[in-house]
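There are 2 protein chains.
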Amino acid sequence: MTQNIYDDEAFFAAYGRLPRSVEGLAGAPEWPALRALLPDLAGRRVLDLGCGYGWFCRWAREHGAASVLGLDVSARMLARARAETEDAAIVYAEADLEHFAALAEPVDVAFSSLAFHYVVNLAGLFAGLHASLAPGGALVFSVEHPIYTAPRNPGWSDAADGQAAWPVDSYLDEGPRTTNWLVDGVIKQHRTIGRHVSLLVRSGFAVTHLDEWGPSAEQIAAHPDWANERQRPSFLIMGCERR
Amino acid sequence: MTQNIYDDEAFFAAYGRLPRSVEGLAGAPEWPALRALLPDLAGRRVLDLGCGYGWFCRWAREHGAASVLGLDVSARMLARARAETEDAAIVYAEADLEHFAALAEPVDVAFSSLAFHYVVNLAGLFAGLHASLAPGGALVFSVEHPIYTAPRNPGWSDAADGQAAWPVDSYLDEGPRTTNWLVDGVIKQHRTIGRHVSLLVRSGFAVTHLDEWGPSAEQIAAHPDWANERQRPSFLIMGCERR
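Chains as they are written, first to last, in the working numbering: chain A, 1 to 243; chain B, 1001 to 1243.
Here you go:
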């Protein structure tokens, strides 16, 4: 199964202190870009893969979704999601995205924020999503950008002229990357953008949007310490249509 | 109009000594990846944007194309292409891709190798290509990869462990980049992958292939000095269907 770092006690505690954990969607700077790719949710059946505390599930219901299914591999996450949700139309279930089987009832919109880079068998997951989505349905997701995940020893460097730069190596060598994020030994899967497109197209999705996210000028004005994030994209955000 | 560096005498002389100029398609390491995206050319009307010496135009005819139109901004290039071509079904014409108008006669396949990164008005070019391609037609092209074009001062760095790395900066700041390639002051347009996808989709193309090219293990075995090219992709190769 997927490494379930979210049930590690130290990780869970550290994760709970991140802005996106404390403030929810508003604490995730890339949320406006993800939101922009979502279709109107009114009356739609929505799936959230890697739902965490359930922030997006509740937001979807507030924006008219008929039903929401939130899946996560972490029992700790789901316990907190359930504790913070009072809505019979939101169902949470434990699921390992590494072995995702087609849903019995189709959905209209599948959403995932920063979960797919933990999944080794992404081809299997996309096949399962294609089988779970109604024709014309939407898949909207974010992952860490491959420029961000590629380096063996990721980090900023200072060029001679003081320009911060992100040294890229091993970009074309896909596979696991072990990083120390919140705790030591978190394993993420590095995949090129080309790989994402190829897996999606072969699974029967049309790629309608591809956003290499960085903060806007307004966001940098509000958070000057984010300026370096324009030197290289942090997130890859994709919008797809199920054919 | 587009900076026409190819009619610069020093550039033209240096360009003529590159392996891809001397050996043609076989001297371009990314050619097998481009070729893999081409449909069967038998009986098809083919367009080559930035045809240079006409290598691809002649190859297309050898592979059954009914007719080939080769466009280039450089009179020097076209003179040599004409001198090396004896085939009434290949027509060469001078054209500035910056102001590309729809062709009077539609084509089935549009091809371009390493020309679009010189074009400022890529949206206009894609619109013209959409209008020039028959429905279901193919657009296959390569450009320099944005990881390659992004840095203000491109080049390799050595990390502490001796791993060659390509420091990336300014990735999200699109626009002109002036580099010294063969001669000083060559201007290329840096665009993200997301921008290419967005312009294509808005112009009515479906993105069917996206390849971030680097040399294969076999190519590195034959050319050990290419090994660093796997640290970051050199070329972005895209295949699209005209909807």
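Glycine included, each C-beta is placed from N, C-alpha and C at the ideal position.
Between His1130/B and Arg1242/B, is the Cβ-Cβ spacing less than 8 Å?
-> Here residue 1130/B refers to the residue found at position 130 of the second sequence. Here residue 1242/B refers to the residue found at position 242 of the second sequence. Cβ atoms of His1130/B and Arg1242/B: closer than 8 Å.
Helix, strand or coil: which one does DSSP assign to Leu125/A?
-> For the purposes of this step, residue 125/A is identified with residue 125 of the first sequence, where counting begins at 1. Residue state, collapsed to three classes: helix.
With a threshold of 16 other CB atoms inside 10 Å of the CB of Arg1177/B, please say whether the residue is buried or exposed.
-> By one-based count along the second sequence, residue 1177/B stands at place 177. Arg1177/B is buried by the Cβ-count criterion.
How would you write the range of the beta strand (DSSP E) that Tyr112/A sits in, first residue to last?
-> Your numbering for residue 112/A matches position 112 in the first sequence. Note on identity: in this sequence residue 112/A is Ser, with Tyr being the wrong assignment. Annotation for Ser112/A: the continuous beta strand (DSSP E) segment containing it runs 107-113.
List the whole-angstrom C-beta distance separating Pro1154/B from Tyr1171/B, where the pair is believed to meet the contact cut-off of C-beta under 8 Å.
-> Along the second sequence, read from residue 1 onward, the residue named residue 1154/B stands at position 154. Along the second sequence, read from residue 1 onward, the residue named residue 1171/B stands at position 171. At roughly 12 Å, the Cβ-Cβ gap does not stay under 8 Å, so Pro1154/B and Tyr1171/B are not in contact.
Apart from the five residues on each side of it in sequence, which residues of its chain come closer than 7 Å, Cβ to Cβ, to Trp1059/B?
-> Within the second sequence, numbered from 1, the residue matching residue 1059/B stands at position 59. The residues are Leu1025.
Could you name each continuous alpha helix (DSSP H) segment of 4 residues or more that falls completely within the stretch 1015-1072 of chain B, going from the start of the chain to the end?
-> Within the stretch 1015-1072 of chain B, the alpha helix (DSSP H) runs of at least 4 residues that lie entirely inside it are, in chain order, 1019-1022, 1031-1037, 1055-1062.
With DSSP collapsed to three states, give me the class of Ser1142/B.
-> Taking the first residue of the second sequence as position 1, residue 1142/B is located at position 142. Taken through DSSP and simplified to helix, strand or coil, Ser1142/B comes out as strand.
When the Cβ atoms of the stretch 7-21 of chain A are set against those of the stretch 85-93 of chain A, are three or more pairs found closer than 8 Å?
-> In the pairwise beta carbon analysis, the stretch 7-21 of chain A is classified as not touching the stretch 85-93 of chain A: fewer than three pairs are separated by under 8 Å.
Relative to the C-alpha of Tyr53/A, which residue among His196/A, Arg20/A, Ala134/A is closest?
-> Position 53 of the first sequence holds residue 53/A. Comparing Cα positions, the closest option is Arg20/A.
Flag this pair as touching only if the stretch 178-187 of chain A and the stretch 1189-1205 of chain B have three or more C-beta atom pairs under 8 Å; answer yes or no.
-> Between the stretch 178-187 of chain A and the stretch 1189-1205 of chain B there are fewer than three C-beta pairs closer than 8 Å, too few to call the two in contact.
Along the alpha helix (DSSP H) that carries Gly1249/B, what are the first and last residues, could you check?
-> Missing from the structure shown is residue 1249/B; chain B here goes from 1001 to 1243 and no further.
Rounded C-beta distance between Pro215/A and Pro29/A? I'm assuming under 8 Å.
-> Locating residue 215/A in the first sequence gives position 215, counting from the first residue. Locating residue 29/A in the first sequence gives position 29, counting from the first residue. About 6 Å separates the two Cβ atoms, so the contact holds.
Three-state class that DSSP yields for Thr1178/B in the structure shown | Counted from its first residue, the second sequence places residue 1178/B at position 178. Per DSSP, reduced to three states, the secondary structure at Thr1178/B is strand.
Option in Gly124/A, Met238/A, Leu41/A with minimal Cα separation from Glu62/A = The count along the first sequence starts at 1 and reaches residue 62/A at position 62. The shortest C-alpha separation from Glu62/A is found at Leu41/A.
Sort Leu1047/B, Arg1202/B, His1223/B, Arg1232/B by Cα distance to Phe1126/B and report the nearest one.
-> What you label residue 1126/B is simply residue 126 of the second sequence in a count that begins at 1. It is Arg1202/B whose Cα lies nearest to the Cα of Phe1126/B.
Taking one C-beta from the stretch 1202-1212 of chain B and one from the stretch 1104-1120 of chain B each time, how about it: are there three or more such pairs within less than 8 Å?
-> Under the three-pair Cβ rule at 8 Å, the stretch 1202-1212 of chain B does not count as touching the stretch 1104-1120 of chain B.
Beta-carbon spacing of Ala1110/B, Leu1049/B below 8 Å | As a working note, residue 1110/B is residue 110 in the second sequence. As a working note, residue 1049/B is residue 49 in the second sequence. It is a contact, given that the beta carbons lie within the stated cut-off.
Taking C-beta to C-beta, are Arg1076/B and Phe1012/B nearer than 8 Å?
-> Within the second sequence, residue 1076/B is the residue found at index 76, counting from 1. Within the second sequence, residue 1012/B is the residue found at index 12, counting from 1. Result yes, Cβ atoms of Arg1076/B and Phe1012/B sit closer than 8 Å.
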